[in-house]
Structures are given as structure tokens and as C-alpha cells.
Amino acid sequence: MSTATPATAGQTGPAAPAVTAPPRTVGPPPSALRRTLRYAGHTTRMTVTNIFFMLFTIALPVGMYLLFGMLIGEQDGGQVRGLIMVNMAAYGGLGAAVTAGTQVQEDQRNGFLRQLIVAGMSPRTFLVGSVIAASAVIVPALAAVVAVGVVTGVDVGPLPLLATLVVLWLGLLPTILIGLVLGMVLKGGAAMAGGVVTMMAMAILGGLWMPLEMFPDWMQTLGRFIPTYWISRLGEWTMYGGDLPATGLLVIGAWTLVLATVTAVSMSRAVGLSRR
């Protein structure tokens, strides 16, 4: 006598094997370098789409170069035109550096910085990304004035011209750090206002708008402790030669070291607050 096993209702064949979803593969987290480049790209896009950036770093310096060049550019056989170009390029780069630096305040205000910290970004990565972004937006500000200068008659060979661009670009590092400090310590619109005031003061005291010798003695003395004065002098040196302004290297280096320390402390504090 055989015993039959009752079939399950609706089952016409052998039971189908259970289907299990394959395990999801989770890739490694982004490296510090990738996070740095992502943040640098974000900050660069935010800066170059800012109307303030376009006005104060490209349109205004180019316009001032054309005006001053028309008035006094032909003095000393046209060499003054080249000096005006250097000063206005430095002024445009100064505006780009400070504007890009203060962009960090916007990231704090809208909560983007907090998102980055939650995602694992360190203060060092944040600092390096900010400096890379500011260094990138300096380039079009410098190139715009130099390009207009060449078109309008600045007679300098390609190598001295390239060396001038590089020297101005490197010399503007402390001004990037100034913008970052302002963005860290000032809140809201105060960061942008502080950036404008600082930029104007450094342009005037640094002799970018008019020769420092036109000011009172005390302003001349103060101006020689401002990095923008020496950025301009180093640009003139690469274009037309002469004695290397070694004092300028010391002044720019001192500003860079002090501001790098202040920036690192300020960013660590801002990151700590964002983690709360």
C-alpha cells in the first residue's frame, strides 16, 4: 500500500528554488584627493558665476588699464603701459583671490560645509580645495588684463610675459588666505563687505592704482609691508629686469606663513562647529 503526498494547491510541478538578490557591492569611499578636487570644482563654479567676481576681477581692471594707458601709457617709450598692465593684472588677481576665499562663508550659511563634514571631509582637505579653487579663478583675471595689454601695444617678449603671469599668480597666495580668513571669521554679508574693503585697502596701499611715492611718508612706509606692493614689483622685475626685489620675497613669505596658520586654525574651528 502506497502513501501519496498531497500536492499544494495550484502547484503543477516541483517547487521552484527560492530566488535571492545578489549582494550589493559598495565601492570604497572617495579618496581625500577626489574629495578635494570635487570641492575645488564646486567652489570654482560658484565663484566664476558671481556677478561681483566678473565685475571686480575682469571688467574693472581691464577698464582701468585702458584708462590709465590712454592717459600716461606712452611715457618712457611706452614702458609705463607695461607697468600699468602689471598693476591692473595684480589688482584683478587680488579681487579674484579675495572673492574666492570669502565664498567659504556661503558654504557655511547654506549648510553645504556641514554636508561635506558629515561625508568625511577633513579640515586639511577643505583648506587645500579652497586654495586650489581660488588659484584657478585667479588665472582668467590675470590673463584678461595681460591679453588686452598685448593687444594695445605692451611690447614684451613671450618668455618675460609668461614669467610675469607665473610670478603674479604665485605671489597672490597670501591674498587667497586673507579671503579665506575673512570667510571664516565674518558672518553673512559681512564677509563680502570685508572682502571689498580689504581689497580696496590693499590695492591703494600697495600702489596698484597710483605710485606709492605720491602718498605721505607714513603711507609709503606702511605700503612696503603690504604684499600687493611687492607682487607688483616682482611682476615689473620679470618684465623689464633689474635687481631682484628680495625684500618682497621675505614680505610675501612672512604673510603667507602667518596667514596659513590663522587659516588652518579658523577652518578647524569652522569644521568643529559644523559637526555639532
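The sequence shown runs 1 to 276 under UniProt numbering. Ideal Cβ placement from N, Cα and C applies to all residues, glycine included. For clarity, every value in this text was computed on a predicted model and none was experimentally measured.
Span separating the alpha-carbon of residue i from that of residue j
i, j, result
"Glu74", "Gly189", "42 Å"
"Met70", "Ala134", "31 Å"
"Leu203", "Gly63", "It should be pointed out that residue 203 corresponds to Ala in this sequence rather than to Leu. If you take the alpha carbons of Ala203 and Gly63, they lie about 16 Å apart."
"Trp230", "Ala191", "26 Å"
"Trp237", "Ile84", "13 Å"
"Pro174", "Tyr91", "14 Å"
"Glu213", "Gly253", "24 Å"
"Gly183", "Val104", "5 Å"
"Pro227", "Ala97", "13 Å"
"Leu172", "Gln115", "30 Å"
"Met54", "Ala141", "9 Å"
"Gly223", "Arg233", "12 Å"
"Pro160", "Thr152", "17 Å"
"residue 279", "Gly78", "Because the chain here runs from 1 to 276, residue 279 falls outside it and cannot be looked at."
"Asp76", "Val48", "37 Å"
"Gly242", "Leu177", "30 Å"
"Asp107", "Asp155", "43 Å"
"Leu250", "Thr221", "16 Å"
"Met199", "Gly157", "30 Å"
"Ala164", "Ile51", "What sits at residue 164 in the sequence shown is Thr, not Ala. Each residue's Cα considered, the two are about 27 Å apart."
Per-residue burial, residue i [other beta carbons within 10 Å of its own, 16 or more giving buried]
i, result
"Leu101", "Residue identity differs from the one stated: residue 101 is Gly in this sequence, not Leu. Buried: at least 16 other Cβ atoms inside 10 Å."
"Leu259", "buried"
"Val197", "exposed"
"Arg35", "buried"
"Trp218", "exposed"
"Ile72", "exposed"
"Met239", "buried"
"Thr261", "exposed"
Span of the alpha helix (DSSP H) around residue i
i, result
"Thr49", "It is not in any alpha helix (DSSP H) - Thr49 carries neither H nor E in the DSSP assignment."
"Phe56", "It is not in any alpha helix (DSSP H) - Phe56 carries neither H nor E in the DSSP assignment."
"Glu236", "227-240"
"Gly69", "60-72"
>> Ignoring anything shorter than 4 residues, give me the alpha helix (DSSP H) runs that lie fully in the segment 135-186, in order along the chain.
In response: Taking only runs of at least 4 residues, the alpha helix (DSSP H) segments lying wholly in the segment 135-186 are 158-171, 173-185.
>> Threshold first: 3 residues or longer. Then list the beta strand (DSSP E) segments lying entirely within the segment 182-220, N to C.
In response: Taking only runs of at least 3 residues, no beta strand (DSSP E) segment lies wholly in the segment 182-220.
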